[in-house]
Amino acid sequence: MIRVLVAEDHTIVREGIKQLIGLAKDMQVVAEAGNGEQLLDALRHTPCEVVLLDISMPGVNGLEAIPRIRALNNPPAILMLSMHDEAQMAARALKAGAAGYATKDSDPALLLTAIRRVAGGGRYIDPALADRMVFEVGLTDTRPLHTLLSEREFSVFERLAQGANVNDIALQLALSSKTISTHKARLMQKLKVNSLAELVKYAMEHKLV
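Read in order, the letters of the sequence shown correspond to residues 1 to 209 in full-length UniProt numbering.
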């Protein structure tokens with residue numbers, strides 16, 4: 001039996017995933033989490049083979065949680081679940097240590113296939129993304145500007161695009177406001193934007209919010 005921990009901040013989506021997994025005879029949901037902190041706490045108490053991890057959770061987001069999960073003794077396989085069907089986002093997650101990447105609009109049967117594959121030690125990439133990753137990710141001269149951001153800069157960028165201010169982000173990431181302001185200045189320079197409005201526009205154009 002494949003034990004799955006579902007980490008997703010939207011209750012309706014989380015319940016839908018639980019119902020889907022409940023239809024499969026070879027897997028079960030053993031725990032759930034609505035944010036990164038709940039996820040990490042659950043992993044300390046609940047053994048599982050697969051973490052189904054939303055990439056955009058509040059607090060510690062999916063990308064930030066990956067190395068912390070991987071640092072555990074006998075870490076579970078990580079299958080990222082995202083609304084972003086962007087090749088660069090998938091590549092970022094896989095580079096961080098995820099075993100697979102599925103999008104929320106994929107066929108339900110494919111999600112079950114993905115869980116089985118990563119539980120068995122394999123890898124899974126959403127079929128709609130696989131070809132694009134081959135052609136897009138390796139072409140450095142056509143890569144979107146946000147792929148130049150460090151993991152920390154991307155975390156700050158994502159939160160700014162979602163409407164959080166510097167002080168909010170500092171609290172969420174346990175950093176000083178000055179440090180967040182520095183990251184903000186650097187990421188805006190890399191993205192070639194001059195205002196928060198332009199930053200949000202960039203995020204929307206690249207389907208990052």
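C-beta atoms are modelled at their ideal positions from N, C-alpha and C, and glycine is treated no differently. Source: prediction; values computed, not measured.
By alpha-carbon positions, which one of the options ends up nearest to residue i?
i: I78; options: L171, G59, E86 and L111; result: L111
i: A90; options: P108, D107 and D126; result: D126
i: P47; options: I55, S56, L20 and V29; result: V29
i: V4; options: Q88, N61 and A114; result: A114
i: S106; options: I2, L81, L145 and G122; result: L81
i: E151; options: G22, A128, R186 and A119; result: R186
i: L23; options: E32, E8, I2 and L43; result: I2
i: E158; options: L52, L63 and D26; result: L63
i: A33; options: D26, K25, L43 and M27; result: L43
Excluding sequence positions up to five away, which residues of its chain have a Cβ less than 7 Å from the Cβ of residue i?
i: G59; result: N35, G36, E37 and Q172
i: P108; result: L20
Residues in its own chain within less than 6 Å of residue i by CB, not counting five upstream and five downstream?
i: S177; result: V166, N167 and A170
i: residue 253; result: Residue coverage of the chain in this structure runs from 1 to 209, which leaves residue 253 outside it and unanswerable.
i: M57; result: D9, N35 and G36
i: A203; result: A161 and V209
Just curious, the alpha helix (DSSP H) that residue i is in, first and last residue?
i: E153; result: E151 to A161
i: I12; result: T11 to G22
Please state the DSSP three-state secondary structure of residue i.
i: T46; result: coil
i: M188; result: helix
i: R3; result: strand
i: L175; result: coil
i: L72; result: coil
i: V29; result: strand
i: I169; result: helix
i: D54; result: strand
i: L139; result: Its pLDDT being 49, under 50, L139 is placed unreliably in this model, and the value from its coordinates should be taken loosely. If DSSP states are grouped into helix, strand and coil, L139 belongs with coil.
CB-CB under 8 Å to residue i, same chain, minus the five flanking residues each way: which ones, in chain order?
i: L139; result: Legend: pLDDT at L139 = 49, less than 50; position of this residue unreliable, value from coordinates given subsequently. Here the set comprises nothing.
Need the endpoints of the beta strand (DSSP E) that residue i sits in, please.
i: M204; result: Premise fails: M204 lies in the alpha helix (DSSP H), L196 to E205, not in any beta strand (DSSP E).
i: A77; result: A77 to S82
i: T103; result: G100 to T103
Measuring only between beta-carbons, confirm whether residue i sits less than 8 Å from chain D.
i: R14; result: Among the chains in the structure shown there is no chain D, since it carries only a single protein chain.
Examine the Cβ distances between the segment 38–57 and the segment 66–77 and report whether three or more of them are shorter than 8 Å. With the cut-off at 8 Å, the segment 38–57 and the segment 66–77 touch.
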